[in-house]
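Numbering (the numbering used here), first residue to last: 16 to 409. Quick reminder that beta carbons are idealized off the backbone N, C-alpha and C, glycines included. Note that the coordinates shown come from a computational prediction; the quantities given were computed from them, not determined experimentally. Contents: one structure, followed by commentary.
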């Protein structure tokens, strides 16, 4: 029994080092790189670089938010004569098309509306929008999110450096309730934001945000409609072409966070699965040289794919070792109490558990062939104007 306990403990130590230690080391290293450092770009800082820009907004049954979305775009701090919008509707059964045309015809924003006969998925709509875009720059955005007024102008300035291929933004959480699921999401987002910014300052981040993502028209021409993760796929495509794909800390957008655990879990499973699809499609990047292909991309693959698979193995080893070793059981019990009773530790602990569970479910769905290219919207995220919701603090 002593030999078995010693062997299991050695295995547990290795698992703990890989499952918990490696991510913690990466987060700590990245945090040191995220703040006080520049992106290492030759950017024109006086905002004299203001190319024409087409914003593409895919929709499906977004009648409750599309007018607000178009007003939000119109209020952007960007020359109105250099800005137009394309709404691509995927066969809505509500008044989305009518509401979009109403805003355009009343002069809220210059633009067009294109209708698909049936719902085929977001990437199909984005591809159609790309074919009709006329701006020097193209921006993709979701209907339910809103931007900081300077987000567009701040994003465009990075393209004054020819090495930039994709720029996406940073999600600021706005809360109108104290639901634990929302607080846990905010805890996750604080780490997520830090990673995206740090990876971008080193070279590129492989995970982008489709709420606001910009490209030069012509450098990116078509999405793969057989997989999800359009934003991440597009960012990785730019890296494959030799450009940098960054998340800019001054390009800020706001998007609602579901208050219910069920809605949050469903959303994160879908998004996680789409990231996995994009990573697998662009796995050839692992064969290239440079810090992105040798460090950043492998670590993100580890975090999204490998580490969630280690989660049940780590739990099972911990549980079995606690059964056969009383001292270890006491240690685990105390560590668990400390992690969940001390506020600064409880949210990270819950975040770690929920993220691994959601990614496990995402991987199961991917193995089963459930691509989730068309999904059920979270209506809660469209029920209240974001301008009425205070920004979360702390």
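Rounded to the nearest angstrom, what separates residue i and residue j at their Cα positions?
{"i": "residue 237", "j": "residue 345", "result": "56 angstroms"}
{"i": "residue 33", "j": "residue 302", "result": "23 angstroms"}
{"i": "residue 309", "j": "residue 233", "result": "28 angstroms"}
{"i": "residue 87", "j": "residue 162", "result": "7 angstroms"}
{"i": "residue 402", "j": "residue 84", "result": "Caution applies to residue 402, whose pLDDT of 43 falls short of 50 and renders its modelled position unreliable; the value that the coordinates give is listed next. If I take the Cα positions, the gap works out to 12 angstroms."}
{"i": "residue 26", "j": "residue 352", "result": "23 angstroms"}
{"i": "residue 77", "j": "residue 115", "result": "9 angstroms"}
{"i": "residue 106", "j": "residue 128", "result": "12 angstroms"}
{"i": "residue 20", "j": "residue 350", "result": "19 angstroms"}
{"i": "residue 210", "j": "residue 42", "result": "7 angstroms"}
{"i": "residue 270", "j": "residue 156", "result": "11 angstroms"}
{"i": "residue 35", "j": "residue 370", "result": "13 angstroms"}
{"i": "residue 378", "j": "residue 339", "result": "32 angstroms"}
{"i": "residue 207", "j": "residue 16", "result": "43 angstroms"}
{"i": "residue 24", "j": "residue 174", "result": "52 angstroms"}
{"i": "residue 39", "j": "residue 357", "result": "19 angstroms"}
{"i": "residue 272", "j": "residue 118", "result": "26 angstroms"}
{"i": "residue 22", "j": "residue 347", "result": "18 angstroms"}
{"i": "residue 7", "j": "residue 286", "result": "No information on residue 7 is available, as it lies outside the stretch 16 to 409 that the chain covers here."}
{"i": "residue 318", "j": "residue 290", "result": "11 angstroms"}
{"i": "residue 266", "j": "residue 334", "result": "44 angstroms"}
{"i": "residue 44", "j": "residue 55", "result": "18 angstroms"}
Can you pull the DSSP bridge partners for residue i?
{"i": "residue 154", "result": "70, 229"}
{"i": "residue 259", "result": "179"}
{"i": "residue 130", "result": "104"}
{"i": "residue 315", "result": "Beta-bridge pairing links residue 315 to no other residue."}
{"i": "residue 185", "result": "267"}
{"i": "residue 99", "result": "69"}
{"i": "residue 276", "result": "In the DSSP output, where bridge partners are listed per residue, residue 276 has none listed."}
{"i": "residue 162", "result": "268"}
Identify, in the order they occur along the chain, each residue of the same chain with its Cβ nearer than 7 angstroms to the Cβ of residue i, setting aside the five sequence neighbours on each side.
{"i": "residue 264", "result": "185, 212"}
{"i": "residue 30", "result": "325, 328, 329, 332"}
{"i": "residue 364", "result": "354, 355"}
{"i": "residue 108", "result": "76"}
{"i": "residue 124", "result": "85, 88, 89, 100, 118"}
{"i": "residue 280", "result": "373"}
Can you tell which of the options has the C-alpha that lies nearest to the C-alpha of residue i?
{"i": "residue 57", "options": "279, 176, 209, 110", "result": "176"}
{"i": "residue 260", "options": "66, 363, 229, 271", "result": "229"}
{"i": "residue 183", "options": "248, 134, 130, 323", "result": "248"}
{"i": "residue 64", "options": "89, 94, 17, 40", "result": "94"}
{"i": "residue 296", "options": "51, 239, 141, 152", "result": "239"}
{"i": "residue 135", "options": "256, 110, 103", "result": "103"}
{"i": "residue 204", "options": "68, 367, 66", "result": "367"}
{"i": "residue 145", "options": "334, 68, 82", "result": "68"}
{"i": "residue 178", "options": "138, 221, 231", "result": "231"}
{"i": "residue 262", "options": "220, 254, 246", "result": "220"}
{"i": "residue 98", "options": "280, 122, 75", "result": "122"}
{"i": "residue 18", "options": "336, 216, 383, 386", "result": "336"}
{"i": "residue 166", "options": "46, 91, 59, 299", "result": "91"}
{"i": "residue 253", "options": "276, 180, 298, 283", "result": "180"}
{"i": "residue 130", "options": "138, 120, 143, 154", "result": "143"}
{"i": "residue 383", "options": "298, 82, 288", "result": "288"}
{"i": "residue 126", "options": "294, 138, 112, 226", "result": "112"}
{"i": "residue 81", "options": "298, 321, 158, 294", "result": "158"}
{"i": "residue 284", "options": "320, 226, 153, 120", "result": "320"}
{"i": "residue 164", "options": "133, 227, 151", "result": "227"}
{"i": "residue 154", "options": "257, 380, 359, 223", "result": "223"}
{"i": "residue 251", "options": "148, 307, 275, 138", "result": "307"}
Closer than 6 angstroms by C-beta to residue i: which residues in its own chain qualify, once you throw out the five before and the five after it? Chain order, please.
{"i": "residue 171", "result": "none"}
{"i": "residue 311", "result": "214"}
{"i": "residue 292", "result": "242, 243, 244"}
{"i": "residue 140", "result": "73, 103, 105"}
{"i": "residue 28", "result": "none"}
{"i": "residue 375", "result": "323"}
{"i": "residue 388", "result": "136, 243"}
{"i": "residue 315", "result": "221"}
{"i": "residue 52", "result": "216"}
{"i": "residue 46", "result": "209"}
Just to confirm my understanding: we take residue i, look at its own chain, exclude 5 residues before and 5 after, and list those with CB closer than 8 angstroms. What are they?
{"i": "residue 313", "result": "301"}
{"i": "residue 305", "result": "218"}
{"i": "residue 409", "result": "Its pLDDT being 35, under 50, residue 409 is placed unreliably in this model, and the value from its coordinates should be taken loosely. Excluding positions up to five away in sequence, the list is empty."}
Is any beta-carbon of chain C found at less than 8 angstroms from that of residue i?
{"i": "residue 385", "result": "Protein chain content of the structure displayed is limited to a single chain, and chain C is not contained in it."}
Curious, which full-length beta strand (DSSP E) runs of at least 3 residues does the stretch 200-250 contain?
228-231
Please give me, in chain order, every unbroken run of the alpha helix (DSSP H) with length at least 4 that falls completely inside the stretch 326-385.
341-356, 358-382
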